[in-house]
Amino acid sequence: MTSRARLVLNPRACDRCGRCLPACDQNAIRVGRAYIMVDWSRCDGCMKCVRACDRGAIGSAATDAATRARSATHAKAVAPVKSTAAATPRALSAHSVTVGGFTWTILEAAAMLSVTFAAFMVKELFLASDVVRALPSEVVVGARAFALAIYYAVQVVLLRYLVRRRDGSFGDSLGLTRQHESAGDIATSIGLVAGGLVATRVIATVYSMITRSLDLMPSAGADTITHVFGTSVGGLALAAVMLVLIGPFVEECVFRGALMRGLEARIGAWPAIITQAVLFAAFHRSWWLLFPMTVLGVALGWLAHERKSLWPAIALHAAYNSLTVGAVVWLSRGVG
Ligand code: SF4
Ligand code: SF4
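First residue of the sequence shown: 270, per our numbering; consecutive thereafter.
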């Protein structure tokens, strides 16, 4: 290539056959409902995707004559891109916050955060109410888990509503849709998740040791899980389901999905990553947890941004929580 090729994308012509995905050695293409997205920072202009696409959904606007000639037959079939934001060069840039043809707005991010906060407060008030306190001990854990489940369900329902009202796809808009990734990409994601887990856990452990030695560690800080779920086998199993499976999924959708992408559209990637991390930490309602949770939030935000998928962040979040739950189970069983 003597010049960087440009691709002309026509999502309307795409039938999502997926042929262009394995053709792209750079893993630069994403295809979803009503969008085709190219990461220009990865694209080397090889034009393999143009040759793979027999629908005319990807054409070439290459500036050098050779490439133009090669792609001429496709170019005829390609109508000017006119409708979706996902098809404009700006929206398709590597730093675009358009995911799955869906750009989260700052207003939607604020609405998501406000409702999440309101639902959180209602949950806390309910859990602290006399009604719950008066419940028999064998019922109270179930009531707490039920309240937590409702809290998560409210967030998912709102996310789904915000996406569907603009005819978006839930999975595509949040980076949940599975892409055709090479083995190298998957290995990179796994390595980053493992590295992120080690780094965040080491930082949290060092922080714990320092605050404990300075007598700054709150005495009730470590046993929130047993306070909510108890120490019975059933309670700890519920804790594992809520905190390792459901919680990380929903929280990633809210914080690294809607909120971070909405902020990113307004203030840029790194300010958005840091802002959502601080808000994520603040939701844990503990000044002592503010630092380690901000560190975790930054790691999760960076991972979601870097991998352009929410799944690595969900995996890291779940692994991080599983170590916490595992430690609580181990301690409670040991004590018992
Ligand atoms: S090869 Fe063409 S039609 Fe098939 S998914 Fe890719 S862009 Fe769409
Ligand atoms: S031109 Fe080559 S590198 Fe760029 S998106 Fe197409 S196949 Fe991938």
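Ideal placement from N, C-alpha and C gives every residue a C-beta, glycine not left out.
Sixteen is the threshold: since fewer than 16 other Cβ atoms of the shown chains lie within 10 Å of the Cβ of alanine 387, the residue is exposed. Remark: fewer than three beta-carbon pairs, one from each stretch, lie closer than 8 Å, so the stretch 428-446 and the stretch 535-544 are not flagged as touching. Chain order is used for the residues whose beta-carbon lies nearer than 6 Å to a heavy atom of ligand 1, namely Cys283, Asp284, Arg285, Cys286, Gly287, Arg288, Cys289, Val300, Ile305, Ala321, Cys322, Arg324, Ala326, Ile327.
Your pair alanine 508 and phenylalanine 498 checks out as a contact, with CB atoms roughly 4 Å apart and the cut at 8 Å. In this structure methionine 486 touches tryptophan 557 by the C-beta definition: roughly 6 Å separates them, less than 8 Å.
With a threshold of 7 Å, the Cβ atom of aspartate 313 counts as near ligand 2, since some heavy atom of the ligand is closer than that. In this structure, ligand 2 has no non-hydrogen atom nearer than 7 Å to the beta-carbon of valine 277. The alpha carbon of histidine 496 has as its nearest neighbour, out of Val423, Tyr430, Ala587, Arg413, the alpha carbon of Arg413. Between leucine 427 and alanine 292, the alpha-carbon positions lie close to 37 Å from each other. No heavy atom of ligand 2 is found nearer than 7 Å to the CB of alanine 330. About 6 Å separates the beta carbons of leucine 532 and alanine 378, which is inside the 8 Å limit, making them a contact pair.
Taking all protein chains in view, the Cβ of tyrosine 304 is crowded by 16 or more other Cβ atoms within 10 Å, so the residue is classified as buried.
By the criterion of a C-beta distance shorter than 8 Å, methionine 381 is surrounded in its chain by Gln424, Leu427, Leu428, Leu431, Val523, Ala527, Leu528, Gly531, once the five residues flanking it on both sides are discounted. The alpha-carbon of alanine 297 is positioned some 20 Å away from that of glycine 570.
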